[in-house]
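Visitor: Dropping a structure here in structure tokens format, bear with me for questions.
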Amino acid sequence: MSVLNVKQQGSCKYDCISLGEVMLRLDPGDGRIKNTREFRVWEGGGEYNVSRGLRKCFGLTTAIVTALADNEVGRLVEDLMLQGGVDVSLVKWVPYDGIGRTVRNGLNFTERGFGIRGALGVSDRGNTAASQLKKGDIDWEYIFGTLGARWFHTGGIFAALSDTTPDVVIEAVKVAKKHGTIVSYDLNYRPSLWSYIGGKARAQEVNREIASYVDVMIGNEEDFTACLGFEVEGNDENLQELNLSGYEKMINQVVKTYPNFKIVATTLRTVKTATINDWSAICWVGGQVYKANEYNSLEIYDRVGGGDSFASGLVYGLMTMDDPQKALNCGVAHGALAMTTPGDTSMASLKEVENVMKGAGARVQR
1 MSVLNVKQQG SCKYDCISLG EVMLRLDPGD GRIKNTREFR VWEGGGEYNV SRGLRKCFGL
61 TTAIVTALAD NEVGRLVEDL MLQGGVDVSL VKWVPYDGIG RTVRNGLNFT ERGFGIRGAL
121 GVSDRGNTAA SQLKKGDIDW EYIFGTLGAR WFHTGGIFAA LSDTTPDVVI EAVKVAKKHG
181 TIVSYDLNYR PSLWSYIGGK ARAQEVNREI ASYVDVMIGN EEDFTACLGF EVEGNDENLQ
241 ELNLSGYEKM INQVVKTYPN FKIVATTLRT VKTATINDWS AICWVGGQVY KANEYNSLEI
301 YDRVGGGDSF ASGLVYGLMT MDDPQKALNC GVAHGALAMT TPGDTSMASL KEVENVMKGA
361 GARVQR
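In structure tokens, the structure reads:
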């Protein structure tokens, strides 16, 4: 897309590189965490999920920069990432001490909601290898200068993990921009991550500093308020009523404050029940606001990762389609499809995304 000036495909080793923690998700299926007797495992992480979707659904070449404790759990996470097709050669492996005194791998227990019962996530990620990454641990000059990447994606989850991870993000985005790599950032506000380290005030301090280096800023309905301090006029506290004009005004305020933003996108979700949502998005590009296709009363199987799949579909569209409207519709369609299957990551195919963008129904395919 001309507004971004993305490097040509084939000019870099990677189409996209993500920076973030990758956890092992333990999923009780149709049961609940507190009384299940078995879990199914997946890999997942807000930043990783974007590169995984770009590789598995859209066929681009991607990699993950993260750190894992070198034990059997870490190798299980690696095996799951390999199945997702993401290059793991940039993973930093940290020696394990035997019981996790100094380093461990993150676990994320997540149960699906249903009806009036919302989804529930319980993270167990203190003292993880990724949270201990600090400035100087990763050779970003080698990654962006020697290997090369057309796109770099990271976000507010990784930035919230410790006092050192924001410095890693800033170090990375500075080098990425030096080498002409497009930088996208998903605000991804998680109250549980910020609550004991300064809450919204600290979240805003960190994210406002990072924002000055970002080309494509992504969030959901509440992220821009919690992370950057922008209010949506005319919207109720629970975000049950989507006031489109209010979001447009907010985005215009955002881009005035951060003129480096070339694109700003926000998902729009009305939660009717845990399993019935209205789903759409808007996107600001070059002074114009675009509204995505609406999926009203969308049936949700597993909402975790829907926003990440929106981001990967949008990034793919921005890299391959010279049309902001199509790129936005691609993101919304991919996010919608991702929420029809279990796990953090998308199981959709490019053909399915394209069919949904065209308005195809859900009749059986034979």
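Here UniProt numbering is used: the first residue of the sequence shown is 1, the next is one more, and so on.
Even glycine gets a Cβ: it sits at the ideal position worked out from N, Cα and C.
Using the rule of at least 16 other Cβ atoms within 10 Å of the residue's Cβ for burial, across every protein chain shown, is Lys56 buried or exposed?
Guide: Burial call: buried.
Visitor: Candidates Val216, Val232, Gly84 and Val214: which alpha carbon is nearest Tyr222's?
Guide: First, the residue type needs correcting, since residue 222 is Glu and not Tyr in the sequence shown. Here the closest residue by C-alpha is Val232.
Visitor: If you compare alpha carbons, which of Glu205, Lys134 and Gly106 is closest to Val122?
Guide: If we check each option's Cα against that of Val122, Gly106 comes out closest.
Visitor: The beta strand (DSSP E) with His153 in it runs from where to where?
Guide: That run of the beta strand (DSSP E) goes Ala149 to Gly155.
Visitor: Going along the chain, which residues of its own chain have a beta-carbon closer than 7 Å to the beta-carbon of Phe114, five neighbours each way excluded?
Guide: Around Phe114: Ala274 and Thr275.
Visitor: Could you give the distance in angstroms between the alpha-carbon of Val6 and the alpha-carbon of Val175?
Guide: Rounded to whole angstroms, Val6 to Val175 spans 16 Å at the Cα level.
Visitor: In chain order, what residues of the same chain have a beta carbon less than 8 Å from the beta carbon of Leu54, not counting five sequence neighbours either side?
Guide: The answer, listed in chain order, is Asp15, Cys16, Leu60, Thr62, Ser312, Val315 and Tyr316.
Visitor: Find the nearest neighbour of Gln83 within the set Tyr213, Ile251, Glu43 and Gly136, judged by alpha-carbon distance.
Guide: Of the candidates Tyr213, Ile251, Glu43 and Gly136, the one whose C-alpha sits nearest the C-alpha of Gln83 is Glu43.
Visitor: Are the beta-carbon atoms of Thr345 and Gly305 separated by less than 7 Å?
Guide: Taking 7 Å as the Cβ cut-off, Thr345 and Gly305 qualify as a contacting pair.
Visitor: Rounding to the nearest angstrom, what Cα-Cα distance links Ala281 and Gly331 in this structure?
Guide: Cα to Cα, Ala281 sits roughly 9 Å from Gly331.
Visitor: Helix or strand or just coil, what does DSSP make of Ser192?
Guide: In the structure shown, Ser192 sits in a helix (DSSP, three-state: H, G or I).
Visitor: Note down the Cα distance separating Trp93 from Tyr258, rounded to an integer number of angstroms.
Guide: Their backbone Cα atoms lie some 36 Å apart in a straight line.
Visitor: Please state the DSSP three-state secondary structure of Gly44.
Guide: Three-state result, Gly44: strand.
Visitor: Can you tell me whether Ser309 is buried or exposed? The criterion is at least 16 other CB atoms within 10 Å of its CB, across all chains shown.
Guide: Buried, since its Cβ has 16 or more Cβ neighbours within 10 Å.
Visitor: Going by beta-carbon coordinates alone, are Tyr295 and Ala327 separated by less than 7 Å?
Guide: No, Cβ-Cβ distance for Tyr295 and Ala327 is not below 7 Å.
Visitor: Just the C-alpha distance for Val22 and Glu78, rounded to the nearest angstrom, thanks.
Guide: The straight-line gap from Cα to Cα measures roughly 9 Å.
Visitor: Grab me the residues of Gly100's own chain with a C-beta within less than 8 Å of its C-beta, minus the 5 sequence neighbours each way, in chain order.
Guide: Hits under 8 Å: Ala69 and Asn127.
Visitor: Which term fits Gly29, buried or exposed, when burial requires 16 or more other beta carbons within 10 angstroms of its beta carbon?
Guide: With fewer than 16 Cβ atoms within 10 Å of its Cβ, Gly29 is classed as exposed.
Visitor: If we require 3 or more residues per run, which beta strand (DSSP E) segments fall completely within the region 255-322?
Guide: You should have 263-273, 276-285, 288-291 and 295-299.
Visitor: Run through the region 168-192 for me and flag every whole alpha helix (DSSP H) of 4 or more residues, listed as ranges in chain order.
Guide: None, since the region 168-192 contains no complete alpha helix (DSSP H) of that length.
Visitor: Can you tell me whether Lys358 is buried or exposed? The criterion is at least 16 other CB atoms within 10 Å of its CB, across all chains shown.
Guide: Its Cβ having fewer than 16 others within 10 Å, Lys358 is exposed.
Visitor: Once you ignore the five residues that flank Gln290 on each side, which residues in its own chain have a CB closer than 6 Å to its CB?
Guide: The displayed chain sequence assigns Tyr, not Gln, to residue 290. Cys283, Pro324, Gln325 and Leu328, listed in sequence order.
Visitor: Look at the Cβ atom of Arg25, then the Cβ atom of Thr110, and state whether they are nearer than 7 Å.
Guide: In contact: Arg25 and Thr110 (Cβ atoms closer than 7 Å).
Visitor: Do you know whose CA, among Ser51, Gly118 and Phe58, lies nearest Val88's CA?
Guide: The option with the nearest alpha carbon to Val88 is Ser51.
Visitor: Report yes if the C-beta distance between Ala130 and Ala211 is below 7 Å; otherwise report no.
Guide: Not a contact, by the Cβ cut-off of 7 Å.
Visitor: Quick test of your reading: Val65 and Gly286, contact by CB under 8 Å. State the CB separation rounded to the nearest angstrom.
Guide: Wrong, their Cβ atoms sit about 30 Å apart, outside the cutoff.
Visitor: Provide the residue span of the alpha helix (DSSP H) that contains Gly136, from first to last.
Guide: Where Gly136 is concerned, there is no enclosing alpha helix (DSSP H), given that its DSSP letter is neither H nor E.
Visitor: Exposed or buried, which one is Glu47 when buried takes at least 16 other CB atoms within 10 Å?
Guide: Glu47 comes out buried.
Visitor: Apply the 10 Å Cβ neighbour rule to Arg32 and answer buried if 16 or more other Cβ atoms are within range, or exposed otherwise.
Guide: Arg32 should be labelled exposed.
Visitor: Where does Glu111 sit, in a helix, a strand or coil, going by DSSP?
Guide: Looking at Glu111 - three-state DSSP - the assignment turns out to be strand.
Visitor: Whole angstroms is fine: what's the gap from Glu299's alpha carbon to Leu90's?
Guide: Cα-Cα distance, rounded: 37 Å.
Visitor: Are the CB atoms of Ala201 and Cys227 nearer to each other than 7 Å?
Guide: Not in contact: Ala201 and Cys227 (Cβ atoms no closer than 7 Å).
Visitor: May I ask which residues mark the beginning and end of the beta strand (DSSP E) holding Ala69?
Guide: Segment Ala67 to Asp70, the beta strand (DSSP E) holding Ala69.
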